[in-house]
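In order, the protein sequences belong to chains A, B and C.
Each residue of the first sequence is one higher than the last, beginning at 39 in the numbering used here.
Each residue of the second sequence is one higher than the last, beginning at 203 in the numbering used here.
Each residue of the third sequence is one higher than the last, beginning at 1409 in the numbering used here.
Cβ coordinates follow ideal geometry from the N, Cα and C atoms, glycine included.
Quick caveat: nothing in here was measured; it's all calculated off a predicted structure.
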Amino acid sequence: MAVPAPVLTMSGIGKQFPGVKALDGVDLRLSPGEVHALMGENGAGKSTLIKVLTGVYPADTGTIELDGAAVAFGSPLEARQAGISTVYQEVNLCTNLSVAENVLIGREPRRLGRIDWKRMRARAAELLSRLELSLDVSAPLSSYSLAIQQMVAIARALDVDARVLILDEPTSSLDAGEVEQLFMVMRRLKEEGIAILFVSHFLDQIYEISDRMTILRNGRLVGEYLTSELSQVQLVAKMIGQELDALERLHGEARVFDRPLIEARELGRAGAIEPFSLTVHEGEVVGLAGLLGSGRTEIARLLFGADHAGTGEIAVGGAPASLRTPRAAMHHRIAFCSENRKADGLIPDLTVRENIILALQATRGWTRPVPREQQDELVGRYVKALRISPPNPEHLVRDLSGGNQQKVVLARWLILEPRLLILDEPTRGIDVGAKTEIQRLVAELSDGGVAVLFISAELEEVLRLSHKVEVLRDRRLVAELPNDAELTTDVLMETIASGGRDS
Amino acid sequence: MTTTAIGRTSVPAKYLPVLVTGCLFAAMFVAGGIRYEGFASGQVVLNVFIDNAFLLVVAVGMTFVILTGGIDLSVGSVVALSTMIAASLMAGPGWPPYVVIPLVLAIGSGLGLVMGAIVHAFDIQPFIVTLAGMFLARGLCYTIGTDSIPIEDATFTAFAQTRIDLFADLWISPSVVIAVVVVLVAAYVLHYTRLGRSVYATGGSEQSAMLMGLPVGRTKIAVYTISGFCSALGGVLLSFYMLSGYGLHAVGMELDAIAAVVIGGTLLTGGSGFLLGTVLGVLVLGLIQTIISFEGTLSSWWTKIFIGLLLFVFILLQRVFSARTRR
Amino acid sequence: MRRLLWPAVVLVLLLALNVFFTPSFFSIQVRDGHLYGSLIDILRFGAPLILVALGMTLVIATGGIDLSVGSVVAISGALACLQISQDAGVFTAVALALGLCLVLGAWNGFLVAGIGIQPIIATLILMVAGRGLAQLITGGQIITVNSEAYKVIGGGYWLTVPFGVLIVLAVLGITAFLTRRLALGMLIESVGGNAEASRLAGIRSRGIILMVYAFAALCAGVAGLMISSNVSSADGNNAGLWIELDAILAVVIGGTSLAGGRFSLGGTVLGALIIQTLTTTVYSIGVPPETTLLFKALVVTAVCLIQSPSFREKAFRRRGRTAPPSPAHEEKVRVTA
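Printed below as a string of structure tokens:
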């Protein structure tokens, strides 16, 4: 197939952040009239690449060419003026203003300095009709659904003569019908010869809409492929990467799990996760495998009471339980280390010691402080056991490295001696040493009878630790696989890619 | 395909808060008319305007600031400072009003400009910056003088005491005309200029407004300047009304202005509200005072208690309202 | 501690300035069995502000603000004086006044934590209505009382020390005990530092928020008693006017961020003392007292500029490294609809 002349070419892009090489020699070519998918797991560098392209960050190395001429944008505004428009997952519009204003604000038609509302409404309606939308353009944007808001954002992006349209996870909060509507619009724009860069975590969507894809892993380019020539299994394999080191399973002999600790029946929450059933036994490590956005974290949050479940019920130790709040879950000795430790875990202003005893203190209430000797003893024990560095409990937690911060959050829950420990991506963004330590710890806990729900994007890790693996795809629990000799990363990837349909 | 219907979650109800305030005003007026003799006359409404023209102007400036999600605590002090500068310059060196008034307006705008610039450039909360502005302006008043300075300039007093007769024995003061003009100009700016729309956009979501390429910084500086200008103009109107300059004038006026804006249905978090609402809010506050003076036995402090109650009701309404629309 | 350094330096400078103009500034004498001297006066007159600022510190540490404390000051003094003028016992009067303050504080806390109204707006209600309430209690008059026992609270001495100073020490001690010996302080800082993480760690933040607002009102109530007792009268209109602004200022000067999180009781006390000393200094160096507000404006501006990261970055750009953009987080902000 002939490659159409690219409208935009990025070559050899490198970007270094303190301590992290976010991008290393990445190429990207966008051709007019093509939907190009940018694929990669968490931390692969997708966002950074888009930010470099749109002028949020300068590139350290590499060149960007638009229509053959080298360009370097200093701000998103400059990129826009050059014809590169971006629509983000979170709709960056003002929902208090009318639809027409959101399409045109900053470029309103005026007469003698006075905004010409009539012409503005007409122009907005015209732009929207290009997307086959007919809305009441004088209504506030907030009266429309997210999907419509998304399209209004696209209409805004198209008002300037856009040649490249970047859609950064536009579908993650849309339902199926809304996605279809968006795709219709995308196909139309494609026909008009616009190059579209599309980011999504939903494989079905990628295969439905994209013509070509570029895959990144760990800040490096894996390759550029025609969507029609790459199977879903190959795609997942390329995204996740296969490190062929020996899969040493940390659990020795097979164990029998017969004492259910948590049983979830048809638990679900609209827009987050379809109803699922799941049983976790005492001492069992249950892995959750699936791509980002497949509903892994949502399951964890429901089991911890961080979000309210819309449907279904939970039983703890055989008795029905209501987990409406984290406190209630903690009462049942469930603990949850969130994936986003900065937003949901750490109190950056407090010391390591205070962060570690926070949950314990919360269960005791403020009137019964944990005695200082006990604090020091507990904190000292876990700082040592988890090798938190620097080993100074009075250090502010904000100054610690990512891996050590993660260990602090982990320690916070371990001192509560939970019966179920939910770990959401506990090893993401931390160094190899810390990673192994955390893996070993999970195995030890399990041997000691603690149930662990382990979420990770790395399939090897899931396989290495888990007794059984729950596979998620597109916000649905699609399969439960016992972790026996036959279960390999290939099988897992196939299950993720196929959505459990063939197995 | 039902493209049009998808996702319409609720009828646009942006006029509802203003409507509620309007109904409240009407209801209070009717109730007053039934209860007190001589209440239900046009002049009573006009008197509310006459007695609150300065507050109206100040509240207009406050509306701009609050629409961007900010707050301006300095307005009362700037009003006082304006009366003080005007009175002292006319009394001492005997400068004529047509020099003094523009100077006062320039000083007020300048103070606002500086506060806005600090809010924008150093990212300090408006609450604190305008608090400093409040101290500064009040302090400047006292450095000019601690006593009340009477205004005896002939042109000035003549203008202040002019009665503009309308039909059928009704009359208003020039201040009312000025206030109405300010309201109309401000409404035009908010509705028909890019600055006005940027004000709403900034209040709706500062980050989005920035990403949409709007001049958020300039907008923020502009609203504090406008508020400073309105406060200074309010000060001029107050000196028409009081015919004196005094450092203790307009103590707590910032609260009245904020209350009027909130009762007028403008969201304190910014982005939603109308000037008409602010006008109605000022009228409601004025009418409360009128009713209390008609009642005779009710003491003046009931005004504050009523205003507090109204604030509570309206803030609660806003809360319920925003909880509904934001899903 | 390092963050107490700047406020301490400012206080020392102010005191030094005073000594320069009034050499006898530091002298403290015992007269009629009472301690006398400029320093004692600063403590005595600064006592109500310190109290209000202590309460405010905890509120601000949770990320909130309480504008209503000035009104509460007036209400507390008004109710106590009214009771005493109606021949109630001093103890009953004080208990009733403080009880009412607790209720008012709980009301603020309920609006913030229960209904979820922004603190600045929620407390604005009581700030406006509270003044009216205070005047309603006093009937718009200034109620004067003639009670020796009541007079002790704000004007009395015990073991040569002004009673108000002792009250401050007691409240400071209790607050320090509750927050630092018990675990309240850590939980408050946690709620103010990261509300969502606190919720996920199982902290009952609503209860904590309710409590700090009640505590702030209680402190304001005690301050109100002190102010009205000192002059043996209650003035619903002017008692505690603008004290909320001074208190917020004291807290900010003391190094507690308006954004919430870490707080420092010692810093707040220093901040309040700076404000009080400033007033005294203005008198002692012979500047017209009317200019105190100007000084305050300057101090507020200076302190806030120093604390603003954005200002520091701009002013000390040479030395300061430009903040590197944080490594790309590819995590998505989940839309929890």
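According to DSSP, simplified to helix, strand and coil, what is residue i?
i: Leu-235 (chain A); result: strand
i: Ser-446 (chain B); result: strand
i: Glu-281 (chain A); result: With a pLDDT of only 46 at Glu-281 (chain A), under the threshold of 50, the placement of this residue in the model should not be trusted; the figure read from the coordinates follows. Here Glu-281 (chain A) sits in coil by DSSP.
i: Ile-517 (chain B); result: helix
i: Ile-1693 (chain C); result: coil
i: Tyr-95 (chain A); result: coil
i: Glu-286 (chain A); result: No answer about Glu-286 (chain A) holds up, because its pLDDT of 49 lies below 50 and its placement is not dependable.
i: Ala-1647 (chain C); result: coil
i: Trp-451 (chain A); result: helix
i: Gly-1668 (chain C); result: coil
i: Lys-422 (chain A); result: helix
i: His-530 (chain B); result: The structure shown does not extend to residue 530 (chain B), since chain B spans only 203 to 529, so no value can be given for it.
i: Thr-47 (chain A); result: strand
i: His-1442 (chain C); result: strand
i: Asp-199 (chain A); result: coil
i: Pro-376 (chain B); result: helix
i: Ile-509 (chain B); result: helix
Under 9 Å between beta-carbons, which chain B residues line up against residue i? List them in chain order, please.
i: Pro-114 (chain A); result: Leu-413 and Gly-415
When the Cα of residue i is compared with those of the options, which residue comes out closest?
i: Lys-156 (chain A); options: A:Ser-176, A:Ser-172 and A:Leu-166; result: A:Ser-176
i: Gly-1454 (chain C); options: C:Asp-1654, C:Val-1536 and C:Phe-1499; result: C:Asp-1654
i: Val-280 (chain B); options: B:Gly-467, B:Gly-454, B:Tyr-443 and B:Val-232; result: B:Gly-454
i: Ala-233 (chain B); options: B:Val-486, B:Ile-509 and B:Ile-517; result: B:Val-486
i: Ile-247 (chain A); options: A:Lys-445, A:Leu-46, A:Val-446 and A:Leu-76; result: A:Leu-76
i: Gly-473 (chain B); options: A:Ser-113, A:Leu-135 and A:Leu-503; result: A:Leu-135
i: Val-529 (chain A); options: A:Arg-514, A:Arg-513 and A:Glu-508; result: A:Glu-508
i: Gly-405 (chain B); options: B:Ala-255, B:Phe-476 and B:Val-250; result: B:Phe-476
i: Val-383 (chain B); options: B:Val-259, B:Val-418 and B:Val-306; result: B:Val-259
i: Asp-195 (chain B); options: B:Gly-483, B:Gly-272, B:Leu-313 and B:Val-220; result: What is shown of chain B runs 203 to 529, which leaves residue 195 (chain B) out entirely.
i: Gly-440 (chain A); options: A:Leu-166, A:Thr-465 and A:Thr-47; result: A:Thr-465
i: Gly-1471 (chain C); options: C:Ile-1714, C:Val-1660, C:Leu-1702 and C:Glu-1698; result: C:Val-1660
From the DSSP output, read off the bridge partner residues of residue i.
i: Gly-306 (chain A); result: A:Thr-349
i: Ser-1641 (chain C); result: C:Thr-1552
i: Thr-124 (chain A); result: A:Ile-204
i: Asp-462 (chain A); result: A:Ile-493
i: Gly-52 (chain A); result: A:Thr-99
i: Leu-434 (chain A); result: A:Thr-389
i: Cys-132 (chain A); result: According to DSSP, Cys-132 (chain A) bridges with nothing at all.
i: Glu-518 (chain A); result: A:Glu-508
Give the residues of chain A in contact with residue i, contact being defined as C-beta atoms less than 7 Å apart.
i: Leu-1386 (chain C); result: This structure gives no information on residue 1386 (chain C), because the portion of chain C shown stretches from 1409 to 1745.
i: Ala-403 (chain B); result: Cys-132, Leu-135 and Ile-143
Starting from residue i, find everything on chain C with Cβ-Cβ shorter than 8 Å and list it in chain order.
i: Ile-460 (chain B); result: Leu-1532
i: Gly-341 (chain B); result: Glu-1698, Thr-1699, Thr-1700, Leu-1701, Leu-1702, Phe-1703, Lys-1704 and Ala-1705
Taking C-beta pairs closer than 7 Å, name the residues in chain B that residue i reaches, listed in chain order.
i: Ile-1525 (chain C); result: Ile-517 and Arg-521
i: Glu-139 (chain A); result: Arg-399
i: Thr-1709 (chain C); result: Ala-334
i: Arg-1539 (chain C); result: Lys-506
Along chain C, which residues have their Cβ under 7 Å away from the Cβ of residue i?
i: Ile-326 (chain B); result: Cys-1712 and Ser-1716
Can you pull the chain A residues whose beta carbon is under 8 Å from the beta carbon of residue i, in chain order?
i: Ser-395 (chain B); result: Position check: residue 395 (chain B) holds Thr in this sequence, whereas Ser was assumed. Under the 8 Å cutoff, chain A gives Gly-151, Arg-152 and Ile-153.
i: Leu-1626 (chain C); result: By Cβ distance, chain A contributes nothing, its closest Cβ being about 17 Å from Leu-1626 (chain C), past 8 Å.
Cβ-based contacts, 9 Å cut-off: residues of the region 508-523 of chain B near chain C: Contacts with chain C (Cβ-Cβ distance below 9 Å) from the region 508-523 of chain B involve Phe-508, Ile-509, Gly-510, Leu-511, Leu-513, Phe-514, Ile-517, Leu-518, Gln-520 and Arg-521, listed in chain order.
Contact list for the region 368-382 of chain A against chain C, Cβ threshold 9 Å: Residues passing the 9 Å Cβ filter: Met-368, His-369, Phe-374, Ser-376, Glu-377, Asn-378, Arg-379, Lys-380, Ala-381 and Asp-382.
Chain C contacts from the region 348-374 of chain B (Cβ-Cβ distance under 7 Å): Flagged, chain order: Thr-348.
Selection of the region 341-369 of chain A by Cβ proximity to chain C, strictly under 7 Å: Answer in chain order: Ala-344, Asp-345, Pro-364, Arg-365 and Met-368.
Within 7 Å of chain C by C-beta, residues of the region 459-492 of chain A in sequence order: Listed in sequence order: no entries.
Interfacial residues, the region 390-401 of chain A to chain C, with Cβ spacing under 7 Å: Taking 7 Å as the Cβ-Cβ cut-off against chain C, the residues of the region 390-401 of chain A that qualify are Glu-392, Leu-396, Ala-397, Gln-399, Ala-400 and Thr-401.
Members of the region 1546-1557 of chain C that neighbour chain B once the beta carbon cut-off is set at 7 Å: Correct list: Gly-1548.
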